[in-house]
DNA sequence: CGAGGCGATATCCAGGAGATATCGTTGGCG
DNA sequence: CGCCAACGATATCTCCTGGATATCGCCTCG
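Protein chains in written order, with UniProt numbering: chain F, 1 to 312; chain E, 1 to 312.
Take a look at the structure:
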């Protein structure tokens with residue numbers, strides 16, 4: 001039995017007339033008679049009563065037609081669902097990102113994405129660069145935003161694009177001696193208690209910090225000590241109440257509150273760039289849509305993305 | 001798009017391998033490749049990723065497959081539903097009957113029918129012979145049990161079979177003078193208050209009664225008066241409390257309670273027979289099943305039914 | 001009782017589903 | 001590093017079957 005038989009039976013039930021049903025189907029009347037007869041033979045049951053006043057479904061026909069309608073509805077839904085999924089209008093996008101992405105990149109992109117793709121289920125999870133890279137390779141994420149290009153086993157299966165480049169800034173409370181300064185020198189930082197991201201989660205920042213403070217077991221002691229804070233808002237919060245000097249990426253400026261001051265660090269310390277990564281073989285249209293929007297909303301990213309996507 | 005494409009896509013998703021999926025489908029591998037390619041071309045979307053490790057559905061493929069499974073399930077349900085309906089295992093049987101049928105005929109048949117055909121929705125409605133005949137012709141009933149063969153317009157479209165033949169009996173309370181008698185003569189009845197079915201609903205009984213009491217406007221006055229009761233239990237109830245003498249078909253014996261006595265009327269008055277009617281062109285398997293059971297449970301009916309059904 | 005409408009049947013044709021053979025690519029393994 | 005095996009895609013041919021045309025049989029209605 002093919003879906004053709006369902007379509008023919010439904011047309012016949014609708015028109016109650018072989019000739020008109022066949023015309024509506026775009027075929028001649030004899031093939032319709034044959035197909036209906038073949039269907040009835042296969043089912044071993046008469047589906048239609050051919051009377052002088054018209055063609056009417058039997059009880060078996062009614063039961064069959066009810067199911068047939070649903071079957072055809074499912075089939076056309078299959079087509080439209082597949083189309084929507086292929087166009088990226090439905091589906092899922094699982095995104096792992098470091099907190100910094102929440103300050104500039106994601107606000108610029110997510111709003112447009114959610115408005116344009118209301119049918120897409122977005123999964124957002126803040127996580128360290130290390131974890132998001134691993135989750136991406138394991139297929140648990142579709143997109144990762146981290147700091148520094150992924151390295152290590154499997155990294156060659158990923159496409160990574162720089163989506164932001166920033167440097168270190170210092171955050172202090174309004175009452176702090178640095179508060180009035182536009183710049184803070186490295187020398188000035190050396191005596192201060194520092195608030196930074198944990199070394200194991202942001203190794204590149206930690207490495208720079210080690211260079212600043214000097215290597216060795218006694219490093220924190222040479223300075224004013226180090227407090228580790230997991231996210232930007234905590235760094236700012238701690239700085240605002242005078243715990244110490246917060247150090248973090250430029251995007252801390254966006255999260256800054258009225259009661260803190262953000263100072264440039266002089267000389268400028270470039271941080272590993274913000275990198276967006278996805279699986280090179282991932283052809284997901286939802287991902288493509290997200291990348292499209294990223295391209296539109298972040299002009300600087302466009303050409304770098306083109307280079308990678310062009311090769312796909 | 002045909003259901004073949006759905007089956008092929010599902011097989012491919014299941015086996016994740018063109019060759020094995022084709023083997024499972026009983027076809028060679030190239031046709032499967034072609035059909036999948038044609039499906040993807042028609043949808044304008046790639047449904048499967050052909051990788052070195054196997055063939056996996058894309059997001060669009062997942063969406064399509066989910067609908068495809070349901071569509072095929074509906075199709076096979078259409079087949080089995082039609083089969084069940086054709087075998088009379090599901091469906092509906094609307095039955096209109098006079099109360100007398102509840103006393104012997106229906107108890108003998110309904111139990112078996114309900115047990116044998118649990119999937120059939122039974123519609124039972126007590127109604128007069130006149131109403132059930134009209135409803136049958138209007139297509140509002142599938143089967144009617146009444147007294148006397150249907151007459152009038154449309155009666156020739158009905159098949160009617162006698163399913164019971166009975167005569168008049170009298171019912172009296174245990175304290176009534178007739179209570180000890182096995183027979184009551186017509187002469188004895190003439191002075192009594194009679195309890196009978198309404199004339200407009202059971203014209204044949206009423207006609208007999210008119211003959212018994214004599215025609216004319218003053219008929220009730222010549223006897224002890226007439227009370228009309230719509231059903232057997234009411235007749236018996238009224239008789240038991242001494243209102244008068246109940247008159248009704250033999251099957252009143254079945255409904256008789258300990259506090260009433262049933263007497264034969266002498267000489268015997270034959271009542272119009274109980275008749276089961278259905279539309280001659282009705283090929284409903286549920287109706288056929290009901291008639292089958294009637295044939296089994298009521299041996300006397302069998303040959304009369306055969307005669308009618310043989311000509312269908 | 002004849003005409004017209006309708007579904008079934010007979011016959012022929014062509015499109016396409018499927019079979020066979022082969023190719024191109026890729027991944028694994030010696 | 002290169003060969004081989006596996007797998008999906010492609011090419012070509014065959015044959016089935018869905019569909020078109022012509023016609024028949026039957027029923028209804030004027």
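Glycine is no exception: its CB is placed at the ideal position from the N, C-alpha and C atoms. Please read these numbers as outputs of a predicted model, since none were measured by experiment.
Q) Is the beta carbon of residue 142(F) sitting closer than 8 Å to the one on residue 102(F)? A) Residue 102(F) sits away from residue 142(F), with the two beta carbons spaced by 8 Å or more.
Q: Anything in the segment 279-296 of chain F with a Cβ closer than 9 Å to a Cβ of chain E? List those residues in chain order, please.
A: 281, 283, 284, 285 and 286
**Q.** Residue environment, residue 31(F), which counts as buried when at least 16 other CB atoms sit within 10 Å
**A.** exposed
(Q) Given this structure, state the Cα-to-Cα distance separating residue 110(F) from residue 1(F), to the nearest angstrom. (A) Rounded to whole angstroms, the separation of the alpha carbons of residue 1(F) and residue 110(F) is 47 Å.
**Q.** C-beta neighbour in chain F for residue 166(E), strict 8 Å
**A.** no
**Q.** 8 Å Cβ cutoff met for residue 297(F) and residue 73(F)
**A.** no
Q. When Cβ atoms are compared, which residues of the segment 112-126 of chain E fall closer than 7 Å to chain F?
A. Correct list: empty, as no residue qualifies.
Q. Given that residue 178(E) touches chain F, what residues does it touch there, using C-beta distances under 9 Å?
A. Simply none; closest approach about 51 Å.
**Q.** residue 114(F) classed as buried or exposed, judged by whether at least 16 other C-beta atoms fall within 10 angstroms
**A.** exposed
Q.
Quick check: is the beta carbon of residue 8(E) nearer than 8 Å to any beta carbon in chain F?
A. The C-beta of residue 8(E) comes no closer than 8 Å to any C-beta of chain F.
Q. Under the rule that 16 or more other beta-carbon atoms within 10 Å means buried, what is residue 251(F), buried or exposed?
A. buried
Q. Straight-line CA distance for residue 47(E) to residue 237(F)?
A. When rounded, the separation of the alpha-carbon atoms in residue 47(E) and residue 237(F) is 50 Å.
Q: Under 7 Å Cβ to Cβ from residue 87(F), same chain only, skipping five residues before and after it: list those, please.
A: 285
Q | Beta-carbon gap between residue 172(E) and residue 260(E) smaller than 8 Å | A | yes
Q. Does the segment 124-136 of chain E come close enough to the segment 264-283 of chain E that 3 or more CB-CB pairs lie under 8 Å?
A. Segments in contact, yes.
Q) Within 10 angstroms of its Cβ, does residue 263(F) collect 16 or more other Cβ (buried), or is it exposed? A) buried
Q | Cα-Cα separation between residue 51(E) and residue 12(E), rounded to whole angstroms | A | Near 13 Å, if we compare the C-alpha coordinates of residue 12(E) and residue 51(E).
Q.
Any beta carbon from chain F within less than 8 Å of residue 311(E)'s own beta carbon?
A. Annotation note: pLDDT 46 at residue 311(E) (below 50); position unreliable, coordinate value reported separately. No - not a single Cβ of chain F is within 8 Å of the one on residue 311(E).
Q: Indicate whether at least one CB of chain F lies closer than 8 Å to the CB of residue 55(E).
A: no
Q: Compare the beta carbon distance of residue 59(F) and residue 85(E) with 8 Å and say whether it is the shorter of the two.
A: yes
Q.
Output needed for residue 301(F): all residues of its chain with C-beta closer than 7 Å, excluding positions within five of it in sequence on either side, in chain order.
A. Once the five neighbours on either side are set aside, the close Cβ partners of residue 301(F) are 161, 163, 294 and 295.
Q: Please report the residue range of the alpha helix (DSSP H) in which residue 229(F) lies.
A: Per DSSP, residue 229(F) belongs to no alpha helix (DSSP H) and is neither H nor E.
Q.
Here's the rule I'm using: 16 or more other beta-carbon atoms within 10 Å means buried, otherwise exposed. How should residue 169(E) be labelled?
A. buried
Q. Going by beta carbon distance, what residues of the same chain come within less than 7 Å of residue 206(F), once the five residues before and after it are set aside?
A. 199
Q) Mind pulling the chain E residues with CB within less than 7 Å of residue 91(F)? A) Around residue 91(F), the beta-carbon contacts reaching into chain E at under 7 Å are 59.
Q. Within 10 angstroms of its Cβ, does residue 37(F) collect 16 or more other Cβ (buried), or is it exposed?
A. exposed
Q.
Between residue 126(E) and residue 146(E), how many whole angstroms is the CB-CB distance? I'm expecting something under 8 Å.
A. Not confirmed; about 11 Å, so no contact.
**Q.** chain E contact residues for residue 79(F), given Cβ-Cβ distances below 9 Å
**A.** Residues of chain E with a Cβ closer than 9 Å to the Cβ of residue 79(F) are, in chain order, 1, 42, 43, 64 and 67.
Q.
Counting only Cβ pairs nearer than 9 Å, list the residues of chain E close to residue 47(F).
A. 82 and 86
Q. Nearest to residue 152(F) by alpha carbon, out of 140(F), 166(F) and 131(F)?
A. 131(F)
Q) Does the distance from the C-beta atom of residue 83(F) to that of residue 44(E) stay below 8 Å? A) yes
**Q.** DSSP beta-bridge partners of residue 125(E)
**A.** 96(E)
Q) Can you pull the DSSP bridge partners for residue 57(F)? A) The partner list for residue 57(F) (beta bridge, DSSP) reads 48(F).
Q) Who are the neighbours of residue 4(E) on chain F, taking C-beta pairs under 7 Å? A) 2
Q: List the residues that DSSP assigns as beta-bridge partners of residue 40(F).
A: Paired residues: none, contrary to the question.
Q. To which residues of the same chain is residue 56(E) closer than 6 Å at the C-beta, ignoring the five residues directly before and after it?
A. 49
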